[in-house]
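Participant:
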Amino acid sequence: MYELKFDPDLCMACDTQDCLVKCQHMDIDQEAARTEILKLAGGEDSFVLRDCVTCYACEEYCPNGNHPFYLIVKMQEELGMFPLPDPLVKSGVQVGIPFRGEPVIDEMEGTALNMGVFSPLLGRVAGSKLFEGLPIISHDSRKMFHYFCQLMYLHYGKTSVINERLDGIIQTLAAHGAKEIVHFHDECYGTYTSYAPAFGIEVPFKSIHLFEFLYNRLLELKDEIRPLGYKVVYQRPCSSRLSSDKHPFVAKIFDLISVEYMDREYKDENAMCCGATILGQKKEGSRVYCAEIQKKNIDDMKKAGGQICVFNCPACMQTLGMPVSKAGIMPLFMSDLCRLAIGEKVG
Amino acid sequence: MSSIHQELVNIVGEDYASNRREELFTYSKDLGTSQPLWPEYVVAPKTTDELQAVVRLANETKTPIVPLGGGMTLAGLALPQQGGVIIDLKRMDKILEVNEQGRYMVVEAGISHGKITSYLKKNHPNLMHSEPGAPPAATVGGNLAIHGQGDLAHPYGFNTDMVNGLEVVLPTGDIARFGSCAVGSGWYTMHPLPDIGLFLGWNGATGIITKVSLKLYPCKKFRENNMFVVENEEFVPDVLFEISHLGMAEDLIATSSEIPPMMNRLHYISIINTGDSEEELEFKRHMTFDVQLAKYIRNGVGGIVSLYDERSRPQVSKSADWKKGGGFEYVGAIVPVSFYPECYRRGSEISGRHFIPYTVLGRVIGSCHSMMFSWSYAFNRADDATVKHARDALHETDELVMELNGTIWKPAIFGQKLMLERMDPGALRLMKEVKKILDPNGIMNPGNWEVD
Chain A
1 MYELKFDPDL CMACDTQDCL VKCQHMDIDQ EAARTEILKL AGGEDSFVLR DCVTCYACEE
61 YCPNGNHPFY LIVKMQEELG MFPLPDPLVK SGVQVGIPFR GEPVIDEMEG TALNMGVFSP
121 LLGRVAGSKL FEGLPIISHD SRKMFHYFCQ LMYLHYGKTS VINERLDGII QTLAAHGAKE
181 IVHFHDECYG TYTSYAPAFG IEVPFKSIHL FEFLYNRLLE LKDEIRPLGY KVVYQRPCSS
241 RLSSDKHPFV AKIFDLISVE YMDREYKDEN AMCCGATILG QKKEGSRVYC AEIQKKNIDD
301 MKKAGGQICV FNCPACMQTL GMPVSKAGIM PLFMSDLCRL AIGEKVG
Chain B
1 MSSIHQELVN IVGEDYASNR REELFTYSKD LGTSQPLWPE YVVAPKTTDE LQAVVRLANE
61 TKTPIVPLGG GMTLAGLALP QQGGVIIDLK RMDKILEVNE QGRYMVVEAG ISHGKITSYL
121 KKNHPNLMHS EPGAPPAATV GGNLAIHGQG DLAHPYGFNT DMVNGLEVVL PTGDIARFGS
181 CAVGSGWYTM HPLPDIGLFL GWNGATGIIT KVSLKLYPCK KFRENNMFVV ENEEFVPDVL
241 FEISHLGMAE DLIATSSEIP PMMNRLHYIS IINTGDSEEE LEFKRHMTFD VQLAKYIRNG
301 VGGIVSLYDE RSRPQVSKSA DWKKGGGFEY VGAIVPVSFY PECYRRGSEI SGRHFIPYTV
361 LGRVIGSCHS MMFSWSYAFN RADDATVKHA RDALHETDEL VMELNGTIWK PAIFGQKLML
421 ERMDPGALRL MKEVKKILDP NGIMNPGNWE VD
């Protein structure tokens, strides 16, 4: 079985302990942070295991690339301290089981688009000039769980499920033959470029982040771009913490299509998670805490003057789309915003 | 052209009476596992006068008649067991009155629930009625004839408990009215006149409901589906009891199914909360999850799946998709809420024996006074073996309901016989007498609730 590559010596030598010091959901000073992370590295219990809301952010905060979040989740499982009630864990684990037949492997060459488990959103990309000529993997929603990257189980304290299933998913993706794969959701991108290497899981294709792809594609279509002029805020998803090197493409895309990227408190490294995973956690007060951070986040969007809230993650959209809309801000996927910029209509 | 056909044409016009095989074909079918049964005629009256004339004709000629609403029961209750005339009531679909302050509306019984919902949403958005868990084409009259339940079952009970008055065409063709409308006082109450409850739940075997005064209820501006999950089925009755104690949920339903896998051996409890403001909704969420259900969350044996979702009715019909060929039928039973665990366990065993992924659902009726529990069985319409498995599973389930001391809801003929075998002799005699007095020629949906 795959083992997490985590080096405690890096934590010992760390000057900042930013992984826990910067946590938005726990109040920890540097000394305590060092103690707790080393406890975890040594396989001991820590209050961090109970208080972690599984927002992924410490993966980005760690200055050493040492995967503190993966360690926390691994230890939650090893010590049986699952953040969610048992029925939610069971439900979550079962959700990824394919049940409607085997995938059809269409052979592809070059670069392809992987919809993962979001093939129901195919209508948002099919027919768009942005994705022209890009063959699509996982276009059949009946078969989408064969392409489910499994990373969601980090929220469930279940690295074992990821490690058990991921190799099969990678084999299915690889069987299509594409050498490069653009992932519609950056959770998939994070799986193949961060999680898999951290656990020594081999990935035989190159992954491309959607935003990087969109940016480059927009450059190709530069003559067709019409400045949109909107004031936009961005709801950064938890999984983007696994690919912080790609986060600058948000600002680059916004700049290219002439929308104003509004400054706000919960931006970039200080982004606030959508709360979807916090809602059901068994720690007392989780529901109320979830509602509070969602309110803070949306109030912050309003205060910043956002007209459009741009989403990358369909789960964030599902969680925050309606309340954002009720607050008078239009929720929009990044791909849809880019489509608007080249004059396409968005349903 | 037969003389009965000509008489029917004379009553309703040529376009609305038929004895043509291609038109009778449609009416010979039910969506469930029942074998086709052919009527000789189909007629679609537009007015009560026309309906009276049709019924008089049938009574004179001793021709069986079967009233048909949306044809959604799946249990073959509107199939002509002895041929005769199917009376399709869907053209009798007028909204006659809405009394906003009195919170009731008077409608012709052939109106669909979908039309009422749509009308109220557009014209009286602060009012709602209890739409059943059936396709919107289900009619008011059909639903009352089977004691249906709907969106408001938790606070207000069966849909037949939400009736302020009735007009019925009797098997003789005469008209009778019940409730305050009977004394010309409007349609605002069923009480306090002497009870003559002879038409609700009879499958049209005692008369044809033509007009109904439906109680309407406050319709809040916002409505959200909050979903809770437990793994241990033994917890379900208590979870429902705890939520019911609050008296706030508009609808309360527990479901479990083998497919999709996320629902397999888990019990999802859908709690429909409503409010006129976010504050009202948040108060209800707080009382539901932070107070009543907090012990389940704290102990890690129950969890919030989702909040704020739009209301979506449980779609057990989706189970028809788990076998190719798109068929499903279910047995419903009215049982105490405490029966949920046993009903679930035994039902999934029956499904297993017949190679059908299990699908069960329990909807709370009243403040946990009872529950409509349903076991759905999918089959492939093009595969006789799977149809037989489903039919056998349905019969086994009818027998299970009897074994558990439950009450089969809208039973098919097989289930009706099981119920009648167990019926209190006094009630049985009275049913027989009522039927004999009202329908001496035995023309009304014969085969249904027939006491030998």
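Sequences listed follow chains A and B, in order.
Quick note on UniProt numbering: the first sequence kicks off at 1 and runs consecutively.
Quick note on UniProt numbering: the second sequence kicks off at 1 and runs consecutively.
Positions of the beta carbon are idealized from the N, C-alpha and C atoms, including for glycine.
Given that a residue counts as buried once 16 or more other Cβ atoms are within 10 Å of its Cβ, and exposed if not, what is Pro125 of chain B?
Facilitator: Counted from its first residue, the second sequence places residue 125 of chain B at position 125. It is exposed - the Cβ of Pro125 of chain B has fewer than 16 other Cβ atoms within 10 Å.
Participant: What residues from chain B crowd round Gln94 of chain A, counting only those whose CB sits closer than 7 Å?
Facilitator: Here the question's residue 94 of chain A lines up with position 94 in the first sequence. Simply Pro261, Met262, Asn264.
Participant: Along chain B, in chain order, which residues have C-beta atoms closer than 9 Å to that of Ile97 of chain A?
Facilitator: Here residue 97 of chain A refers to the residue found at position 97 of the first sequence. Residues of chain B passing the Cβ test: Pro260, Pro261, Met262, Asn264.
Participant: Assign Tyr330 of chain B to one of three DSSP states: helix, strand, or coil.
Facilitator: Position 330 of the second sequence, counted from the first residue, corresponds to residue 330 of chain B. Residue state, collapsed to three classes: strand.
Participant: Count the other CB atoms within 10 Å of the CB of Asn299 of chain B; is the residue buried (16 or more) or exposed (fewer)?
Facilitator: Here residue 299 of chain B is taken as the residue at index 299 of the second sequence, counted from 1. The residue in question, Asn299 of chain B, is exposed, as its Cβ has fewer than 16 Cβ neighbours within 10 Å.
Participant: Is Arg287 of chain A close to chain B? Criterion is C-beta to C-beta, closer than 7 Å.
Facilitator: For this step, residue 287 of chain A is matched to residue 287 along the first sequence. Interface residue, yes.
Participant: Going by DSSP in three states, Ser34 of chain B sits in which element: helix, strand or coil?
Facilitator: Translated into positions along the second sequence, residue 34 of chain B becomes position 34. In this structure, Ser34 of chain B counts as coil in the three-state DSSP scheme.
Participant: Would Val212 of chain B pass as a contact of Ala109 of chain B if the rule is Cβ separation under 7 Å?
Facilitator: Here the question's residue 212 of chain B lines up with position 212 in the second sequence. Here the question's residue 109 of chain B lines up with position 109 in the second sequence. In contact: Val212 of chain B and Ala109 of chain B (Cβ atoms closer than 7 Å).
Participant: Can you name the residues of chain B whose CB is closer than 7 Å to the CB of Gly280 of chain A?
Facilitator: Taking the first residue of the first sequence as 1, we reach residue 280 of chain A at position 280. Within 7 Å Cβ-Cβ: Gly303, Ile304, Val305.
Participant: What are the boundary residues of the beta strand (DSSP E) that Asp268 of chain A is part of?
Facilitator: As a working mapping, residue 268 of chain A is identified with position 268 in the first sequence. No beta strand (DSSP E) contains Asp268 of chain A, which DSSP labels as neither H nor E.
Participant: What separation, rounded to the nearest whole angstrom, lies between the Cα atoms of Gln24 of chain A and Ala291 of chain A?
Facilitator: Position 24 of the first sequence, counted from the start, is the residue given in the question as residue 24 of chain A. Position 291 of the first sequence, counted from the start, is the residue given in the question as residue 291 of chain A. Distance between the alpha carbons of Gln24 of chain A and Ala291 of chain A is about 15 Å.
Participant: Can you give me the Cβ contacts of Trp202 of chain B inside the same chain, cut-off strictly under 7 Å, excluding the 5 residues immediately before and after it?
Facilitator: Along the second sequence, read from residue 1 onward, the residue named residue 202 of chain B stands at position 202. Only Ala145, Trp449 meet the Cβ criterion.
Participant: By alpha-carbon positions, which one of A:Tyr215, A:Asp223, A:Pro8, A:Lys282 ends up nearest to Ile37 of chain A?
Facilitator: Counting from 1 along the first sequence, the entry for residue 37 of chain A is found at position 37. Taking only the C-alpha atoms, the option nearest Ile37 of chain A is A:Pro8.
Participant: Find out if the Cβ-Cβ distance for the pair Thr319 of chain A, His155 of chain A is shorter than 7 Å.
Facilitator: Indexing the first sequence from 1 puts residue 319 of chain A at position 319. Indexing the first sequence from 1 puts residue 155 of chain A at position 155. The answer is no: Cβ separation not under 7 Å.
Participant: Output yes or no for whether 7 Å exceeds the beta carbon distance between Asn225 of chain B and Arg311 of chain B.
Facilitator: As a working note, residue 225 of chain B is residue 225 in the second sequence. As a working note, residue 311 of chain B is residue 311 in the second sequence. The answer is yes: Cβ separation under 7 Å.
Participant: Does the beta-carbon of His389 of chain B have 16 or more other beta-carbons within 10 angstroms, so that it is buried, or is it exposed?
Facilitator: Reading the second sequence from its first residue, position 389 is the one you call residue 389 of chain B. Result: buried.
Participant: Pick from A:Glu31, A:Leu340, A:Val89, A:Leu228: whose alpha carbon is nearest that of Ser160 of chain A?
Facilitator: Reading the first sequence from its first residue, position 160 is the one you call residue 160 of chain A. Measuring from the Cα of Ser160 of chain A, the nearest candidate turns out to be A:Val89.
Participant: What separation, rounded to the nearest whole angstrom, lies between the Cα atoms of Glu280 of chain B and Ser306 of chain B?
Facilitator: The residue you call residue 280 of chain B lines up with position 280 of the second sequence. The residue you call residue 306 of chain B lines up with position 306 of the second sequence. C-alpha separation (whole angstroms): 18 Å.
Participant: Between the alpha carbons of Gly150 of chain B and Leu394 of chain B, how many angstroms are there, rounded?
Facilitator: As a working note, residue 150 of chain B is residue 150 in the second sequence. As a working note, residue 394 of chain B is residue 394 in the second sequence. When rounded, the distance between both Cα atoms is 23 Å.
Participant: Identify the continuous alpha helix (DSSP H) that holds Phe69 of chain A and give its terminal residues.
Facilitator: Translated into positions along the first sequence, residue 69 of chain A becomes position 69. 68-78 is the extent of the alpha helix (DSSP H) around Phe69 of chain A.
Participant: How would you write the range of the alpha helix (DSSP H) that His267 of chain B sits in, first residue to last?
Facilitator: Position 267 of the second sequence, counted from the start, is the residue given in the question as residue 267 of chain B. His267 of chain B -> not in any alpha helix (DSSP H); beta strand (DSSP E) instead, spanning 267-275.
Participant: Helix, strand or coil for Thr172 of chain B, going by three-state DSSP, please let me know.
Facilitator: Numbered from its first residue, the second sequence carries residue 172 of chain B at position 172. Note: Thr172 of chain B maps to coil in three-state DSSP.
Participant: Considering Cα atoms alone, identify which of A:Gly280, A:Gly157, A:Leu134, A:Val117 is closest to Cys188 of chain A.
Facilitator: To locate residue 188 of chain A, count along the first sequence from 1; it is residue 188. It is A:Val117.
Participant: List the residues that DSSP assigns as beta-bridge partners of Glu44 of chain A.
Facilitator: Here residue 44 of chain A refers to the residue found at position 44 when the first sequence is read from its first residue. DSSP lists no partner for Glu44 of chain A.
Participant: According to DSSP, which residues form a beta bridge with Gln235 of chain A?
Facilitator: Taking the first residue of the first sequence as position 1, residue 235 of chain A is located at position 235. DSSP lists A:Phe311 as partners of Gln235 of chain A.
Participant: Compute the Euclidean distance between the alpha carbons of Pro39 of chain B and Pro425 of chain B, then round it to the nearest angstrom.
Facilitator: The count along the second sequence starts at 1 and reaches residue 39 of chain B at position 39. The count along the second sequence starts at 1 and reaches residue 425 of chain B at position 425. Pro39 of chain B and Pro425 of chain B: Cα-Cα distance of roughly 33 Å.
Participant: Which ranges would you report for the beta strand (DSSP E) in the region 121-184 of chain B if only whole runs of at least 3 residues count?
Facilitator: 163-169, 175-179
Participant: Using a C-beta cutoff of 7 Å, does Pro91 of chain A count as contacting chain B?
Facilitator: On the first sequence, residue 91 of chain A is found 91 positions in, with the first residue counted as 1. As written in the sequence, residue 91 of chain A is Ser, which differs from the Pro given in the question. Among the CB atoms of chain B, one or more fall inside 7 Å of the CB of Ser91 of chain A.
Participant: Straight-line CA distance for Glu3 of chain A to Ser194 of chain A?
Facilitator: As a first step, residue 3 of chain A must be located in the first sequence, where it is residue number 3. As a first step, residue 194 of chain A must be located in the first sequence, where it is residue number 194. The alpha-carbon atoms of Glu3 of chain A and Ser194 of chain A are separated by roughly 14 Å.
Participant: Give every residue of the same chain whose Cβ lies closer than 8 Å to the Cβ of Met128 of chain B, excluding the five residues on either side of it in the sequence, and list them in chain order.
Facilitator: The residue given as residue 128 of chain B occupies position 128 in the second sequence. Around Met128 of chain B: Thr117, Leu120, Asp151, Leu152, Leu216, Tyr217, Pro218, Cys219.
Participant: Under DSSP, the beta strand (DSSP E) around Ala254 of chain B begins and ends at which residues?
Facilitator: Numbered from 1 along the second sequence, position 254 holds the residue referred to as residue 254 of chain B. Counting along the chain, the beta strand (DSSP E) containing Ala254 of chain B begins and ends at 251-257.
Participant: State buried or exposed for Met1 of chain B, treating a residue as buried only when at least 16 other CB atoms are found within 10 Å of its CB.
Facilitator: To locate residue 1 of chain B, count along the second sequence from 1; it is residue 1. Here Met1 of chain B scores only 48 on pLDDT, less than 50, and its place in the model is too uncertain to base an answer on.
Participant: Strictly below 7 Å CB to CB, what residues from chain A border Ile297 of chain B?
Facilitator: Residue 297 of chain B sits at position 297 when you count from the first residue of the second sequence. The answer, in chain order, is Pro85, Lys282.
Participant: Helix, strand or coil: which one does DSSP assign to Leu84 of chain A?
Facilitator: Along the first sequence, read from residue 1 onward, the residue named residue 84 of chain A stands at position 84. Here Leu84 of chain A sits in coil by DSSP.
Participant: With a threshold of 7 Å between beta-carbons, can Leu88 of chain A be considered close to chain B, or not?
Facilitator: Indexing the first sequence from 1 puts residue 88 of chain A at position 88. So yes, Leu88 of chain A belongs to the interface.
Participant: Give a yes or no on contact between the region 280-292 of chain B and the region 102-109 of chain A, applying the rule of three or more CB pairs nearer than 8 Å.
Facilitator: Touching, no, given that fewer than three Cβ pairs across the two stretches are closer than 8 Å.
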